[in-house]
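Here is the structure we will look at, set down as C-alpha cells.
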Amino acid sequence: MKTEISKTRVCPLCGKSYTERPALSRRDNETLICPDCGTREALESIGVADAEQDKILHTIHRFSADLQPE
Ligand SMILES: [Zn+2]
Numbered sequence: 025m026k027t028e029i030s031k032t033r034v035c036p037l038c039g040k041s042y043t044e045r046p047a048l049s050r051r052d053n054e055t056l057i058c059p060d061c062g063t064r065e066a067l068e069s070i071g072v073a074d075a076e077q078d079k080i081l082h083t084i085h086r087f088s089a090d091l092q093p094e
C-alpha cells in the first residue's frame with residue numbers, strides 16, 4: 025500500500041479546501057482543481073446539465089463516504 029502525504033489545497037473554481045488528489049482542469053490543462061470540479065468539467069464536456077451533475081456528485085459522495093471517513 026502506498027502512503028500519500030495529504031496536503032490541503034484550495035480549489036480555484038469553487039473555493040473549497042480539499043485533501044484528495046487534485047484533478048487537472050480541462051479548460052487550460054494546468055490548473056489543479058478539486059475532484060468535484062474535475063468531475064463537473066468532465067460531465068459538462070459530455071453535455072450533462074447542472075442539475076444532473078449535482079445528482080451524480082451526490083451519488084459519488086455517498087459511495088466514497090464509506091471509503092474516506094471525514
Ligand atoms: Zn472545486
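In the numbering used here, the protein residues as written are 25 to 94. Glycine residues also receive a C-beta, built at the ideal position from the N, C-alpha and C atoms. The model shown is predicted, which means the values in this text are computed figures rather than measured ones.
Residues of its chain near residue i, where Cβ-Cβ distance is below 7 Å and the 5 sequence neighbours each way are ignored
{"i": "Thr55", "result": "Pro36 and Ser49"}
Contacts around residue i, its chain only, beta-carbon distance under 8 Å, and the 5 residues preceding and following it disregarded
{"i": "Arg33", "result": "Ser41, Tyr42, Thr43, Pro46, Leu56 and Cys58"}
{"i": "Thr63", "result": "Ala47, Gln77, Ile80, Leu81 and Ile84"}
{"i": "Lys17", "result": "For the chain, the structure presents residues 25 to 94; residue 17 sits outside this window and is missing."}
{"i": "Asp74", "result": "none"}
Endpoints, the alpha helix (DSSP H) within which residue i is located
{"i": "Cys61", "result": "Pro59 to Ser69"}
Closest by C-alpha distance to residue i, when choosing among the options
{"i": "Ser88", "options": "Ser69, Glu68 and Asp60", "result": "Asp60"}
{"i": "Cys38", "options": "Ser30, Lys31, Glu65 and Asn53", "result": "Glu65"}
Contact set, ligand 1 heavy atom to C-beta under 6 Å: Cys35, Leu37, Cys38, Lys40, Ile57, Cys58, Asp60 and Cys61
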